[in-house]
C-alpha cells in the first residue's frame, strides 16, 4: 500500500501539508508572527517526526491491548529527541525516547506483559526508523 502527503509553500513564513488522511486535517505551519530567536528553536520537522512516532506507537499499543481483551481507559505519551553530529559532521536526530503511561482494565499481568514486550520492538513507524529507511530524492525546477 502506498501513501502520500503533499506540501505547498508560497513564501518564507509557512506552508500547508495536505495529509491525504480522512481523519487528519491539513497541517498549516505559520511562523509569520514568530520572533527570529524563537524560529531557531521551532524544529518543526523534528516535532512532526515525534508526533508521527507517538501516533503510530500509541495506536499500535491501543489496538494490541484491545485485541488481548483489555479496555484502554487512557494513554498519555511523550517523545523526545536531541540533535547530534554524525561522522560526517551532519546534524541529525540520533535517538528518540518514547515514554507511555497506559491505564487498561481487563488484562492480567501476563497478558499486559505480552503486549508490552511486543511493543518494545517498536511500531510500524518507529521500527522503520530504527531499521533505517532508504530515501530517494528528486528535485525539479519548474
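In this note's numbering, the protein residues as written are 15 to 156.
Glycine is no exception: its CB is placed at the ideal position from the N, C-alpha and C atoms.
So what does residue i bridge to, in DSSP terms?
{"i": "residue 31", "result": "21, 41"}
{"i": "residue 46", "result": "Per DSSP, none; premise fails for residue 46."}
{"i": "residue 116", "result": "89"}
Just to confirm the assignment, what range does the alpha helix (DSSP H) spanning residue i have?
{"i": "residue 51", "result": "50-53"}
{"i": "residue 122", "result": "Residue 122 -> no alpha helix (DSSP H), and no H or E assigned at all."}
{"i": "residue 61", "result": "58-81"}
{"i": "residue 11", "result": "Any question about residue 11 goes unanswered here, given that the chain covers just 15 to 156."}
For residue i, which option in the options has the closest C-alpha, if you only look at C-alpha atoms?
{"i": "residue 74", "options": "130, 87, 22", "result": "130"}
{"i": "residue 141", "options": "110, 92, 47, 116", "result": "110"}
{"i": "residue 120", "options": "87, 44, 39", "result": "87"}
{"i": "residue 48", "options": "123, 16, 26", "result": "26"}
{"i": "residue 116", "options": "133, 103, 101", "result": "133"}
Given residue i, which residues of its chain have a CB within under 8 angstroms of its CB, disregarding the five upstream and five downstream residues?
{"i": "residue 107", "result": "60, 63, 95, 96, 97, 98"}
{"i": "residue 166", "result": "Given a span of 15 to 156 for the chain in the structure shown, any question on residue 166 remains unanswerable."}
Pull up the CB-CB distance for residue i and residue j, whole angstroms please, since I reckon it's below 8 angstroms.
{"i": "residue 28", "j": "residue 46", "result": "7 angstroms"}
{"i": "residue 114", "j": "residue 91", "result": "4 angstroms"}
Just to confirm the assignment, what range does the beta strand (DSSP E) spanning residue i have?
{"i": "residue 89", "result": "85-99"}
What residues in its chain sit with their C-beta under 7 angstroms from that of residue i, if we drop five residues either side in the sequence?
{"i": "residue 67", "result": "93, 110, 112, 139, 140"}
{"i": "residue 85", "result": "118, 119, 120"}
{"i": "residue 58", "result": "43"}
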